[in-house]
Amino acid sequence: MEAAPLVRIRDLKKSFGAHPVLKGVSLDVHAGEVVSIIGASGSGKSTFLRCINVLEMPSGGTMDFEGFHFDYEEGARRAPTAGQLRELRARIGMVFQSYNLWPHMSVLENVIEAPIRVKGEAPADAVAKAEELLARIGLAEKRHAYPSRLSGGQQQRVAIVRALAMQPRLMLFDEVTSALDPELVGEVLSLMASLAGEGMTMLLVTHEIGFAREVSNRVLFFDQGVIAEDGPPGEVLRQPRSERLKQFLRRVL
Ligand code: ADP
Ligand code: MG
């Protein structure tokens, strides 16, 4: 029997006012899976990731994740409580396009902040763990530097490590290389590839089709608020079924 998925999402919907952005998205992600999301701008990719950790409150559907069951249907609504939200976000790490490190904190302070404040870790333990993570990305000697002194690629790798310091069960990446100078993209992708290789469960929105092909187990094509295609990269990227995906791939490849 197949293990239960880490995340089970059914018929997830999100509207902004009268504008439906997610029109019923269903997805299972199993532990250790790396799932890439591609699709045109405005198709709802970011909104979908933001609904998973409830940075946006979904308008319908359900989500199961590690014993949480959230029901966003009108009427049946069992929206997360404040305590559940804290817990959920402690277990789901998210990294954005703009590497929004806290500018007034050093690299080290950025990494230890949530483990101390949210998880109640002892400062000495948090520091030891953070230094290990920073050493791993080759930035141990930058631990007292402020983010503005780092390159975009370094900042983004610190942002990833900051999320990892919480020991998340799931990582969400939203176009994390899109704002970087081309020569800095590789160092961020290679950190993500190494996380994938270690079995981290990852859901990532990306325009890096080569990366999606090499690193992910599955690729989802989002089109106008639904998952229009879903399969292994070899199928979705090499044998697209719909004309819209063919067109999209012609534009980005
Ligand atoms: P993608 O990440 O695929 O480019 P988004 O999820 O960012 O797409 O946006 C999908 C649609 O939802 C867009 O039309 C966008 O304008 C709209 N949208 C996203 N966030 C908001 C918001 N907070 N308020 C109103 N509309 C929004
Ligand atoms: Mg987006």
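In full-length UniProt numbering, the protein residues as written are 1 to 253.
Cβ atoms here follow ideal geometry from the backbone N, Cα and C, with glycine treated the same way.
Please report the straight-line C-alpha distance between residue 170 and residue 246, rounded to a whole angstrom. By one-based count along the sequence shown, residue 170 stands at place 170. By one-based count along the sequence shown, residue 246 stands at place 246. Whole-angstrom Cα-Cα distance: 30 angstroms.
Requested in this report: Keeping to the same chain, check which residues put their C-beta closer than 7 angstroms to that of residue 241; ignore five residues upstream and five downstream.
Outcome: Mapped onto the sequence shown, residue 241 falls at position 241. Apart from sequence neighbours up to five positions away, the residues of its chain that approach residue 241 with a beta-carbon distance below 7 angstroms are 229, ordered along the chain.
- Message: Quick check on DSSP: helix, strand or coil for residue 220?
- Response: Stepping through the sequence shown from its first residue, residue 220 is reached at position 220. When secondary structure is reduced to three states using DSSP, residue 220 falls in the strand class.
Would you grab the beta carbon distance between residue 97 and residue 187 for me? Rounded to a whole angstrom, and I think it's under 8 angstroms. In the sequence shown, the residue the question calls residue 97 occupies position 97. In the sequence shown, the residue the question calls residue 187 occupies position 187. No, residue 97 and residue 187 are not in contact; Cβ-Cβ is about 16 angstroms, not under 8 angstroms.
| task | For the ligand ADP, list every residue whose C-beta falls under 5 angstroms from any of its heavy atoms, going in chain order. | result | 16, 21, 41, 42, 43, 44, 45, 46 and 47
Check: Exposed or buried, what is residue 254 when buried is set at 16 or more other beta-carbons lying within 10 Å of its beta-carbon?
Finding: The shown model of the chain, from 1 to 253, leaves out residue 254, and the question about it has no answer.
Worksheet entry | residue 224 versus residue 172 - alpha carbon distance | Against the sequence shown, residue 224 aligns to sequence position 224. Against the sequence shown, residue 172 aligns to sequence position 172. Cα-Cα distance, rounded: 21 angstroms.
- Boundaries (first-last residue) of the beta strand (DSSP E) holding residue 205: In the sequence shown, the residue the question calls residue 205 occupies position 205. Per DSSP, residue 205 belongs to the beta strand (DSSP E) from 201-205.
Cα separation between residue 209 and residue 52?
Counting from 1 along the sequence shown, the entry for residue 209 is found at position 209. Counting from 1 along the sequence shown, the entry for residue 52 is found at position 52. Rounded to whole angstroms, residue 209 to residue 52 spans 23 angstroms at the Cα level.
Assign residue 114 to one of three DSSP states: helix, strand, or coil.
What you label residue 114 is simply residue 114 of the sequence shown in a count that begins at 1. Of the three classes helix, strand and coil, the one that applies to residue 114 here is helix, per DSSP.
Residue 42 in three-state terms, based on DSSP = Reading the sequence shown from its first residue, position 42 is the one you call residue 42. Correct three-state label for residue 42: coil.
*Among 61, 215 and 205, the one whose alpha carbon lies nearest that of residue 221*: For the purposes of this step, residue 221 is taken as the residue at position 221 of the sequence shown. The option with the nearest alpha carbon to residue 221 is 205.
**OP:** Express the C-alpha separation of residue 132 and residue 191 in angstroms, rounding to a whole number.
**Re:** For the purposes of this step, residue 191 is identified with residue 191 of the sequence shown, where counting begins at 1. For the purposes of this step, residue 132 is identified with residue 132 of the sequence shown, where counting begins at 1. Between residue 191 and residue 132, the C-alpha separation is close to 15 angstroms.
Give me the Cα-Cα distance between residue 59 and residue 11, rounded to the nearest whole angstrom.
The sequence position of residue 59 within the sequence shown is 59, counting from 1. The sequence position of residue 11 within the sequence shown is 11, counting from 1. Rounded to whole angstroms, residue 59 to residue 11 spans 10 angstroms at the Cα level.
Notebook entry, point to check: So residue 202 packs on residue 193, CB below 8 angstroms; how close in whole Å?
Noted result: Here residue 202 refers to the residue found at position 202 of the sequence shown. Here residue 193 refers to the residue found at position 193 of the sequence shown. The pair is not a contact, with the Cβ atoms about 10 angstroms apart (cut-off 8 angstroms).
At the level of alpha carbons, what is the spacing between residue 234 and residue 215? To locate residue 234, count along the sequence shown from 1; it is residue 234. To locate residue 215, count along the sequence shown from 1; it is residue 215. So the alpha carbons of these two residues sit roughly 11 angstroms apart.
* Excluding the 5 residues preceding and the 5 following residue 72 in the sequence, name in chain order all residues of the same chain whose CB lies nearer than 6 angstroms to its CB. => Along the sequence shown, read from residue 1 onward, the residue named residue 72 stands at position 72. Counting only Cβ-Cβ distances below 6 angstroms, and skipping sequence neighbours, we find 58, 60 and 61.
| request: Ignore the nearest five residues each way along the sequence and tell me which others in residue 65's own chain have a CB closer than 6 angstroms to its CB. | output: Counting from one through the sequence shown, the residue named residue 65 turns up at place 65. The answer, listed in chain order, is 7.
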